[in-house]
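Residue numbers (this note's numbering), protein chains in the order written: chain A, 5 to 243; chain B, 491 to 591. No residue lacks a Cβ here, since even glycine has one placed at the ideal position from N, Cα and C. Okay, structure first, notes after.
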Amino acid sequence: MNLAVEEAIPRVVGEGKSPSTVRFWHNSNTIVIGCFQSARLEVNMEACKETETEIVRRFTGGGAVYHDSGNLNYAISLRKGHPLVPGLNLQSVFEKLSEGSVQGLRKLGVKAEFQPVNDIQVDGKKVSGAAGSIRWNTIFHHGCILVGSDLSILGKVLNVPRAKLEDRHVASVQKRVTTVRDELGRDVSTREVQDAIVNGIESCYGVRVESGDLTKEGLGLAEELYQTKYSRLEWNLEP
Amino acid sequence: MSTTKLEKLKSADYKAPGGKLVRIRLKEDQGQIRSVRITGDFFLIPEESLGKLEKMLEDVPLREPELRLLVDRFFRGTGAQGLGVSSDDFVKAILSAKETV
Numbered sequence: 005m006n007l008a009v010e011e012a013i014p015r016v017v018g019e020g021k022s023p024s025t026v027r028f029w030h031n032s033n034t035i036v037i038g039c040f041q042s043a044r045l046e047v048n049m050e051a052c053k054e055t056e057t058e059i060v061r062r063f064t065g066g067g068a069v070y071h072d073s074g075n076l077n078y079a080i081s082l083r084k085g086h087p088l089v090p091g092l093n094l095q096s097v098f099e100k101l102s103e104g105s106v107q108g109l110r111k112l113g114v115k116a117e118f119q120p121v122n123d124i125q126v127d128g129k130k131v132s133g134a135a136g137s138i139r140w141n142t143i144f145h146h147g148c149i150l151v152g153s154d155l156s157i158l159g160k161v162l163n164v165p166r167a168k169l170e171d172r173h174v175a176s177v178q179k180r181v182t183t184v185r186d187e188l189g190r191d192v193s194t195r196e197v198q199d200a201i202v203n204g205i206e207s208c209y210g211v212r213v214e215s216g217d218l219t220k221e222g223l224g225l226a227e228e229l230y231q232t233k234y235s236r237l238e239w240n241l242e243p
Numbered sequence: 491m492s493t494t495k496l497e498k499l500k501s502a503d504y505k506a507p508g509g510k511l512v513r514i515r516l517k518e519d520q521g522q523i524r525s526v527r528i529t530g531d532f533f534l535i536p537e538e539s540l541g542k543l544e545k546m547l548e549d550v551p552l553r554e555p556e557l558r559l560l561v562d563r564f565f566r567g568t569g570a571q572g573l574g575v576s577s578d579d580f581v582k583a584i585l586s587a588k589e590t591v
């Protein structure tokens, strides 16, 4: 249902039925693959069974990410034409809408930097990846932040192609990622990171983030999208 | 589509200069692409346009000039925006596909 809500919000924002929205959420063990990826090529199905990890496809491009309760996801939906992102260049969207998270992480003491195309890194290691789209009259940007995720499971369930690892001169996916917990050297809750990101967004963009619930239209659309798309194997596992 | 004796299965994992991966799985018959599946961790908007590119590539000779012309036409015609992948990357990825068993 989380990925259905993820699609419903930008749709209702674009229709003017919901204000510009920042959403925070997390999943239990799940691999979320990009819309252009092949589940069979990217995911170790056996390891997913062993670790009870679900596989879900999102509607945006980019690479597969591993979600667990130690992972914080955020999503920003702005109506097209919003002054924060006047252009419609996807690289500019990633750069601009990652700034709030970068600022938030820095406020926590993490030396975060945006790294094109779509990563936030600390000393060359990825702590967050983003994806996004421009559609439904909306500029949409979402990312996942590794707060205290179990990187040993991540290394098992994702098949990272040899070409990707050779490019980064590291032997495994585990060695090219890090967590907020590891960077700070202490336990940190996803709530603490969420508060820092909200703070970063407010100071970076000069906006005020107010708590709220999913609108009635958003909830109805999310339920429909779950039934017709996100609960279906043909969407999640094909091609 | 059924696989005839003349069809060859070809595949490639091509890494674009920005680090994104383009994975090609195609069927070739007498020097022509019969069908192709393009997957990977790149960005392309509108997302639905990738299916259109795959369709446009059917029955196209597996040669650089024809592929380049077609992929360029796809980008111009659809107004699609790639990120982490360019027209040139799609062409190089397809041309780098090698025969698989």
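- Under the rule that a run must span 3 or more residues, the beta strand (DSSP E) segments found entirely inside the segment 76 to 160 of chain A read 117 to 119, 123 to 126, 129 to 139 and 142 to 150.
- Straight-line spacing of the CA atoms in B/LEU552 and B/SER501 works out to 13 Å.
- Pairwise C-beta distances place the segment 512 to 524 of chain B out of contact with the segment 73 to 86 of chain A, as fewer than three of them are shorter than 8 Å.
- For A/THR194, the closest C-alpha among the options A/TRP29, A/GLY18 and A/VAL9 is that of A/TRP29.
- Residues of chain B with a Cβ closer than 7 Å to the Cβ of A/GLN125 do not exist, since the nearest Cβ in that chain sits about 12 Å away.
- The beta carbons of A/SER102 and A/ILE201 sit no closer together than 8 Å.
- Close to chain B, meaning a Cβ-Cβ distance shorter than 9 Å, are the following residues of the segment 39 to 64 of chain A: CYS39, PHE40, GLN41, SER42, LEU45, GLU46, PHE63 and THR64.
- In this chain, the alpha helix (DSSP H) harbouring B/ASP579 covers 577 to 585.
- Close CB contacts of B/GLY572 within its chain, under the 6 Å cut and outside five residues either way in sequence, are with LEU534 (chain order).
- Proximity to A/VAL211 across A/SER24, A/VAL17, A/GLU19 and A/VAL9 peaks at A/SER24, based on C-alpha coordinates.
- Straight-line spacing of the CA atoms in B/THR568 and A/VAL26 works out to 31 Å.
- For B/ALA502, there is no enclosing alpha helix (DSSP H); the residue is found in the beta strand (DSSP E) stretching over 498 to 505.
- Here A/LYS160 is buried: its Cβ has 16 or more other Cβ atoms, across all protein chains shown, within 10 Å.
- For A/PRO14, the three-state secondary structure derived from DSSP is helix.
- DSSP assignment within the segment 519 to 552 of chain B yields the following whole beta strand (DSSP E) runs of 3 residues or more, N-terminal first: 522 to 530 and 533 to 535.
- DSSP places A/THR25 in the strand class (E or B) of the three-state scheme.
- In the DSSP annotation of this structure, A/ARG236 is not part of any alpha helix (DSSP H), being labelled neither H nor E.
- The Cβ-Cβ distance between A/GLY204 and A/GLY133 does not fall below 8 Å.
- Residues of the segment 113 to 143 of chain A with a C-beta less than 9 Å from any C-beta of chain B: PRO120, VAL121, ASN122, ALA135, GLY136, SER137, ILE138 and ARG139, listed in chain order.
- Secondary structure at B/LYS510: coil, using DSSP grouped into helix, strand and coil.
- Just measuring C-alpha positions, the residue of A/PHE40, A/ILE35, A/SER153 and A/THR64 sitting nearest A/CYS52 is A/ILE35.
- Think of a sphere of 7 Å around the beta carbon of A/LEU94: the chain B residues whose beta carbon falls inside it are PHE533, ILE535, GLN571 and LEU573, in chain order.
- Interface flag for A/PRO14 against chain B is unset, since no Cβ pair is found closer than 8 Å.
- A/GLN119 and B/LEU496 have their C-alpha atoms spaced approximately 46 Å apart.
- Closer than 8 Å to the CB of B/LEU511 there is at least one CB belonging to chain A.
- In chain B, no part has a C-beta under 8 Å from the C-beta of A/PRO87; the shortest such distance is about 21 Å.
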